Amino acid sequence: MKVRIPTPLRSYTDQAAVVEAGGSTVADVLADLDEHHPGLRFRMVDEQGRLRPHMKVFVNADAVRDLTTPVGPADEVTIMQALSGG
Amino acid sequence: MTENDPGRDGPVLLVGTRKGAWMLTADGQRSAWQSTGPWFLGHIIQHLVLDPRDGCTLLAAASTGHLGPTVFRSQDLGQTWAEATRPPAFAAGDPLERSLKSVFWLSPGHEREPGVWYAGGSPQGLFRTEDGGDTWEPVTGWNDHPQWATWAEWPEQNTPDGSMLHSVCIDPRDPDHLYLGLSSGGVFESTGGTTDWAPLNAGSVTAFLPETEPEFGHDPHCLRLHPLRPDRLYQQNHCGIYRMDRPEGRWVRIGDNMPAAVGDIGFPIELHPRDPDTAWVFPMDGTDVWPRTSPDGRPAVYVTRDAGESWTRQDAGLPEQAWMTVKRQAMTLDAHDPVGVYFGTTSGEVWASRDEGARWSQIAAHLPEIYSVELALPAGPSA
């Protein structure tokens, strides 16, 4: 499936804005992303598996914080940065 | 460049800011300064430190407003950088469910342990690498100590940006003898290679706690151990300036000898590299609502040359009126003779004295909020 990458994380994707990743849950997709783009996951998910406070993940148009949310090949995952300071 | 060879290259300063990092390089006279950077523009760089053991490895403690904490590493003095393969982090499945908010402090390890570094975090975790900063492990003897949650006041985080671990000081005689500071929490000591820890706070004041002599819960802002007299410790605390000469276990408030109108509140304290009796501080206003700016808007460094018995004001060249704040990692010294003294302000200025504080000049301005200023002694003929 397609995963949209926000600018703060594109240093991990060779500046690609959209990459492909697979998995049956959001957590799987992030693990697959990290497999191909090492280091990306820890910048957005903490060591206890929680999405960091200023990061957001959308499956299609729905914001999710539960990383066990199921996804399918036709879904699109969008990682976004929330508003955070100046 | 060697430590005492001002005729060749001058000192190099590493400046970490809220928006990136810069390097300031001096000529041999320490009068002309050149700025390199920014590195990591927009990243929060809490600490940027050169490994004094190899003279070429730089570690940067980094995060952003959105992204989690990490460590970047350069092995060629900043020409190229790579992220740590395994950055500092608490253990997955940690029973206290801790996650690291920021890497706050970096300390190169003992001279006999090349590649070893310690990192202090927020919350107050301790992390260690043995491969020069590429892969990090939690120091279980500290992070999983049965008293950790009590000492660290977990899960409360009592300082504005979260409580942090800082000032990892290693006894040059014994790599297994360490001190560290928690803001808040206090000073702690290990004599068993990070496996055993005990508070070391007797004599220091906690004006913000109801108890007069608590064993822990203090707020040391900056702890220093003198490399030539490792039994001598100094600290700039939230509540005063202190000295301790081991094996004595009680802090003496040498800040009581500061002028009353100036007080002894501040963040950094720096020790003369060759004279354990000489130390510099940057006093800030701790009255009323604690502005933590230069008292009365008159910035000055104060120096003691008798281990805190007396203090001398050093403000020649500094603005007559300015409201400066200098954070705990933002003051440093070089090892020239006379010693150079440097500090960076939260308003983005770097000030330097090449005569041990007698006269000051501004060597950088208009930088972002400065979090750290560290001396670097690069290997080779040029920085």
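Heads up: the protein sequence lines correspond to chains D and F, in order. Residue numbers for the first sequence follow our numbering, beginning at 5 and rising by one. Residue numbers for the second sequence follow our numbering, beginning at 3 and rising by one. Every residue, glycine too, gets a C-beta built ideally from N, C-alpha and C. Nothing here was measured: the structure is a model prediction, and the numbers come from that model.
_Local Cβ density within 10 Å of F:Thr87, reported as buried at 16 or more and exposed below that_ = By one-based count along the second sequence, residue 87 of chain F stands at place 85. It counts as exposed.
*Are F:Arg42 and F:Ala62 touching if we call contact CB-CB under 8 Å?*
On the second sequence, residue 42 of chain F is found 40 positions in, with the first residue counted as 1. On the second sequence, residue 62 of chain F is found 60 positions in, with the first residue counted as 1. Contrary to the premise, residue 42 of chain F reads as Phe rather than Arg in this sequence. It is a contact, given that the beta carbons lie within the stated cut-off.
*Given F:Ser355, which residues of its chain have a CB within under 7 Å of its CB, disregarding the five upstream and five downstream residues?*
Translated into positions along the second sequence, residue 355 of chain F becomes position 353. Once the five neighbours on either side are set aside, the close Cβ partners of F:Ser355 are Gly342, Val343, Arg361 and Trp362.
*Note down, in chain order, all residues in the region 65 to 83 of chain F with a beta-carbon under 9 Å from any beta-carbon belonging to chain D.*
Ser65, Thr66, Gly67, His68, Leu69, Gly70, Pro71 and Thr72
_Run of the beta strand (DSSP E) containing F:Arg245, from where it starts to where it stops_ = For this step, residue 245 of chain F is matched to residue 243 along the second sequence. Counting along the chain, the beta strand (DSSP E) containing F:Arg245 begins and ends at Gly242 to Asp247.
_Interface residues of the region 363 to 378 of chain F facing chain D [CB-CB below 9 Å]_ = none
_At the 8 Å Cβ level, is D:Glu51 part of the contact set with chain F, yes or no?_
Your numbering for residue 51 of chain D matches position 47 in the first sequence. Yes, because at least one Cβ of chain F sits closer than 8 Å to the Cβ of D:Glu51.
*List the residues of chain F that D:His40 touches, going by C-beta distances under 8 Å, in chain order.*
Counted from its first residue, the first sequence places residue 40 of chain D at position 36. Simply none; closest approach about 15 Å.
*Taking only the alpha-carbon atoms, compute the straight-line gap between F:Glu5 and D:Arg69 and give it to the nearest angstrom.*
Taking the first residue of the second sequence as position 1, residue 5 of chain F is located at position 3. Taking the first residue of the first sequence as position 1, residue 69 of chain D is located at position 65. The predicted position of F:Glu5 is uncertain, since its pLDDT is 39 and thus under 50; no value can be drawn from it.
_8 Å is my cut-off, CB to CB: does D:Arg127 come that close to chain F?_
One cannot answer for residue 127 of chain D here, as it falls past the ends of chain D, which runs 5 to 90.
*For the region 44 to 122 of chain F, which segments carrying the beta strand (DSSP E) assignment without a break, of at least 3 residues, lie completely within its bounds, in sequence order?*
46 to 52, 60 to 65, 72 to 76 and 104 to 110
_Three-state secondary structure assigned by DSSP to F:Ala324_ = Walking along the second sequence from the start, residue 324 of chain F turns up at place 322. It is coil, neither helix nor strand.
*Which listed residue (F:Val170, F:Leu235 and F:Gln77) has its alpha carbon closest to that of F:Ala309*: Here residue 309 of chain F refers to the residue found at position 307 when the second sequence is read from its first residue. F:Ala309 has its Cα closest to that of F:Leu235, out of F:Val170, F:Leu235 and F:Gln77.
*Determine, using beta carbons only, whether F:Ser165 and F:His220 come nearer to each other than 8 Å.*
Position 163 of the second sequence holds residue 165 of chain F. Position 218 of the second sequence holds residue 220 of chain F. No.
*What residue range is occupied by the uninterrupted beta strand (DSSP E) comprising D:Asp66?*
Locating residue 66 of chain D in the first sequence gives position 62, counting from the first residue. Segment Asp66 to Val68, the beta strand (DSSP E) holding D:Asp66.
*Leaving out five residues on either side along the sequence, give the residues of the same chain with a beta carbon under 8 Å from the beta carbon of D:His40.*
Numbered from 1 along the first sequence, position 36 holds the residue referred to as residue 40 of chain D. Excluding positions up to five away in sequence, the list reads Val23 and Ala25.
*Taking only beta-carbon atoms, is D:Gln19 less than 8 Å away from chain F?*
Counting from 1 along the first sequence, the entry for residue 19 of chain D is found at position 15. Output row for D:Gln19: interface = no.
*asked:* Give me, in chain order, the residues of the same chain whose beta-carbon lies closer than 6 Å to that of F:Trp35; leave out the 5 immediate sequence neighbours on both sides.
replied: As a position in the second sequence, residue 35 of chain F is number 33, starting the count at 1. Counting only Cβ-Cβ distances below 6 Å, and skipping sequence neighbours, we find Leu26, Ala28 and Ile365.
*Alpha-carbon to alpha-carbon, F:Thr280 and F:Val291*: Here the question's residue 291 of chain F lines up with position 289 in the second sequence. Here the question's residue 280 of chain F lines up with position 278 in the second sequence. Using only the alpha carbons, I get a separation of about 31 Å.
*So, do the region 261 to 279 of chain F and the region 193 to 207 of chain F have three or more beta carbon pairs nearer to each other than 8 Å?*
The region 261 to 279 of chain F vs the region 193 to 207 of chain F: no contact.
*Any chain F beta carbon closer than 8 Å to D:Phe62*: What you label residue 62 of chain D is simply residue 58 of the first sequence in a count that begins at 1. Judged by the 8 Å Cβ criterion, D:Phe62 is not in contact with chain F.
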